[in-house]
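Chemist:
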Amino acid sequence: MSATATSTSDVALYALRLGDDALILAQRLGEWSSMAPELEEDIALTNIALDLLGQARFLLTLAGELEGSGRDEDELAFGRGEREFYNCLLVEQPNVDFAHTIARQLLFSTYQLALYEPLTGSADSGLAGIAAKAVKEVAYHRDHAVKWSLRLGDGTAASHSRMQDAIERLWPYTHELFESDELVERLAVGGVAVNPAGLCDSWGQFIGATLGEATVTVPETSWRPSGGRRGEHTEAFGHMLAEMQWLHRSHPGASW
Amino acid sequence: MASPIAPGRQLVSATMLTVDQLAATIGDIADPEIPVLTLSDLGILRGIDLAADGHLVVRITPTYSGCPAIDPIRREVERVVEELGPPDAEVRMELSPPWSTDWMSDDGRRKLLDYGIAPPDPAAEPGCALLSMPARCPRCESEDTREVSRFGSTPCQAQHVCNACLEPFDRFKTLR
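Read top to bottom, the protein sequences are chains X and Z.
The first sequence begins at 1289 in our numbering and counts up one residue at a time.
The second sequence begins at 45 in our numbering and counts up one residue at a time.
(1) By Cβ distance, which residues of its chain are closer than 8 Å to Arg90(Z), with the 5 residues on each side in sequence left out?
(2) Under three-state DSSP, which class holds Gly196(Z)?
(3) Check whether the stretch 1305 to 1321 of chain X and the stretch 1347 to 1361 of chain X touch, using three or more Cβ-Cβ pairs below 8 Å as the test.
(4) Taking C-beta pairs closer than 8 Å, name the residues in chain X that Tyr108(Z) reaches, listed in chain order.
(5) For Ile88(Z) and Pro199(Z), I'd like the C-alpha separation in whole angstroms.
(6) Anything in the stretch 1430 to 1449 of chain X with a Cβ closer than 8 Å to a Cβ of chain Z? List those residues in chain order, please.
(7) Going by beta-carbon coordinates alone, are Asp72(Z) and Ser84(Z) separated by less than 8 Å?
(8) What does the Cβ neighbour count give for Leu1395(X), buried or exposed, with the cut at 16 atoms within 10 Å?
(9) Would you check whether the ligand SAH has a heavy atom nearer than 7 Å to the C-beta of His1527(X)?
(10) What do you get for His1527(X), buried or exposed, if any count of 16 or more other CB atoms within 10 angstroms of its CB means buried?
(11) List the residues of chain Z that Glu1328(X) touches, going by C-beta distances under 8 Å, in chain order.
(12) Could you round the C-beta distance between Pro182(Z) and Leu210(Z) to whole angstroms and report it? I think they count as a contact, below 8 Å.
(13) Runs of 4 residues minimum, wholly inside the stretch 1368 to 1419 of chain X: which ones carry the alpha helix (DSSP H) assignment?
(14) Give the DSSP-derived three-state secondary structure of Thr189(Z) in the structure shown.
(15) For Ile1390(X), count neighbouring Cβ atoms within 10 angstroms of its own Cβ and tell me buried if that reaches 16, exposed if not.
(16) Return the residues of the stretch 1361 to 1388 of chain X that lie within a Cβ-Cβ distance of less than 9 Å from chain Z, sorted by chain order.
(17) Report all residues from its chain with a CB closer than 7 Å to the CB of Trp1491(X); omit the five preceding and five following residues, and keep chain order.
(18) Going by C-alpha to C-alpha distance, which of Gln1343(X), Ser1468(X), Ala1416(X) sits closest to Ser140(Z)?
(19) Taking just the CA atoms, how far does Pro131(Z) sit from Leu174(Z)?
(20) For Phe1494(X), which residues of its own chain have a beta-carbon under 7 Å away from its beta-carbon, when the five flanking residues on both sides are left out?
(21) Please decide whether Cys206(Z) counts as near chain X, where near means a Cβ-Cβ distance under 8 Å.
(22) Give the interface partners of Ala1422(X) over in chain Z, defined as CB-CB distance under 8 Å, in chain order.
(23) Could you give the first and the last residue of the continuous alpha helix (DSSP H) run that contains His1536(X)?
(24) Ignore the nearest five residues each way along the sequence and tell me which others in Gly196(Z)'s own chain have a CB closer than 7 Å to its CB.
(25) Pull up the distance between the alpha-carbon of Glu1355(X) and that of Arg1316(X), whole angstroms please.
(26) Can you grab the Cα-Cα spacing for the pair Glu1361(X) / Leu1311(X), in whole Å?
(27) Does the Cβ-Cβ distance between Pro1552(X) and Thr1522(X) come in under 8 Å?
(28) Pull out every residue of the stretch 83 to 96 of chain Z whose Cβ sits closer than 8 Å to any Cβ of chain X, in chain order.
(29) For Pro1406(X), which residues of its own chain have a beta-carbon under 8 Å away from its beta-carbon, when the five flanking residues on both sides are left out?
(30) Is there a Cβ from chain X that is less than 8 Å from the Cβ of Pro226(Z)?
(31) Should Cys184(Z) and Gly1342(X) be called a contact, given that it needs their Cβ atoms to be closer than 8 Å?
(32) Against chain Z, does Ile1390(X) count as a neighbour if the rule is that its beta carbon must be under 8 Å from one of theirs?
(33) So, at 6 Å on beta carbons, what are the nonlocal neighbours of Met1289(X) in its own chain, with the 5 sequence-adjacent residues on each side left out?
(34) Quick one: list the residues of chain X neighbouring Pro199(Z), beta-carbon separation under 7 Å, in chain order.
(35) What residues from the stretch 1397 to 1415 of chain X come within 8 Å of chain Z, judged by C-beta to C-beta, listed N to C?
(36) Report yes if the CB atom of Trp143(Z) is closer than 8 Å to the CB atom of Thr107(Z), and no otherwise.
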């Protein structure tokens, strides 16, 4: 199939999914601002948030241009309701504690890196350009998460227990990352999207090796929550969105 | 790295600057976060294209996706282009190829060091993507330094400390 056969609205929705992943995780990490366990980590988590926010801005802008109805990055970030967000459930999970935040970072950045690497060769030059820029940043994010996972997992009894709890709580949400649907399959045939189903093995190997070194046990769970890509979210998401959007919604068009 | 700027052609404007002269003026704009560096030092002015019909496009690229400096930089470039360029000139954000510290000028590296920030690895050095040479202390020049945090006061810097003189310092991260 040639790239011209690819539907523009498909690419717009795909860019929105990727952009929502980055935006929602940026918002969650931003909640650590002035609250992290040490100053360096305060700066690290908010720097990672900033990278993700930058990626989200490019992706939402691209989505807005492709859908052609005049919505810009702000309108897409602050003007959509809960059911109109297509991020995966993992990124919206609450921070809980530092171990949960690091576990979420490890699970997601490993996935995001595995996704962005082949996306640099996307038939859509807009997506390829954003991925090529983001891939360098995400490699750095994963490195940060790996270092802390080892330190917490293979640390004191208290830090180990928190890291183990975090992995157990978040693990069910990782299955959704590798789910495919008709949209992704259509775009993957055209060379635009990366089918995430193909990333699961290498992701599992990297996560398994890292958690093994961190003395954290990978849980076996049969619960596989999903629905984020269809706009169906977990309870915590609406509360987070209210915090994220209230200023824009209370003062439409406000700027400084 | 060859200069991304096309060789001089006459611009259609009241001031009759050449493309090279306009590029030099834009290149001299200071970075708002590390003001000793100019856009030209950073290598983020990617090119100026003058079409046969006189339409001018200035292409700039961000350092990191979320770098907050890029919005004020863009506004400043737009102001200069509006003042000195032809009517309806356009400032375009370009992501590809992604920015690399290999594009930073030697002059920029010297200015960073004088400012107290350890510069990134030299462009000619082949090495791994993110880490290679030890940071040299900008104060006492010792290479006996350690990384305190991989993240710093801006997206492009990391925090180090010198084991010899005990001075903490920032390092511009090598990005390739």
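Think of the CB as a built atom: it goes at the ideal place given N, C-alpha and C, for glycine as much as any other residue.
Here the structure is a predicted model, which means the values were calculated and not measured.
Modeler: Quick look at the numbers:
(1) Pro48, Arg103, Ile104, Thr105, Glu138
(2) coil
(3) yes
(4) Leu1338, Asp1339, Gly1342, Glu1425
(5) 15 Å
(6) Asp1431, His1432
(7) yes
(8) buried
(9) Ligands are entirely absent from the displayed structure, and the ligand SAH is therefore not among its contents.
(10) exposed
(11) Val192, Ser193, Phe195, Gln203
(12) Taking C-beta atoms under 8 Å as the contact rule, Pro182(Z) and Leu210(Z) fail to qualify, at a distance of about 14 Å.
(13) 1377 to 1380, 1386 to 1407
(14) strand
(15) buried
(16) none
(17) Correct list, in chain order: Thr1398, Tyr1399, Ala1402.
(18) Ala1416(X)
(19) Since pLDDT at Leu174(Z) reaches only 49, below the 50 mark, its modelled position is unreliable, and the value read off the structure follows with that caveat. Cα to Cα, the separation comes out at about 42 Å.
(20) Thr1398
(21) no
(22) Ser109
(23) Residues 1523 to 1538.
(24) Ala202, Gln203, Asp214, listed in sequence order.
(25) 27 Å
(26) 11 Å
(27) The question about residue 1552(X) has no answer, for chain X in this structure spans 1289 to 1544.
(28) Cβ contacts with chain X: none found.
(29) Val1482, listed in sequence order.
(30) Because chain Z here runs from 45 to 220, residue 226(Z) falls outside it and cannot be looked at.
(31) no
(32) Residue-level contact by beta carbon fails for Ile1390(X) and chain Z, as no gap is shorter than 8 Å.
(33) Unreliable positioning characterises Met1289(X) in this predicted model, as indicated by a pLDDT of 44, which lies under 50. The coordinate reading is nonetheless provided below. Cβ neighbours of Met1289(X) beyond the five flanking positions: Val1477, Gly1478.
(34) Correct list: Asn1335, Leu1338, Asp1339.
(35) Ser1413
(36) yes
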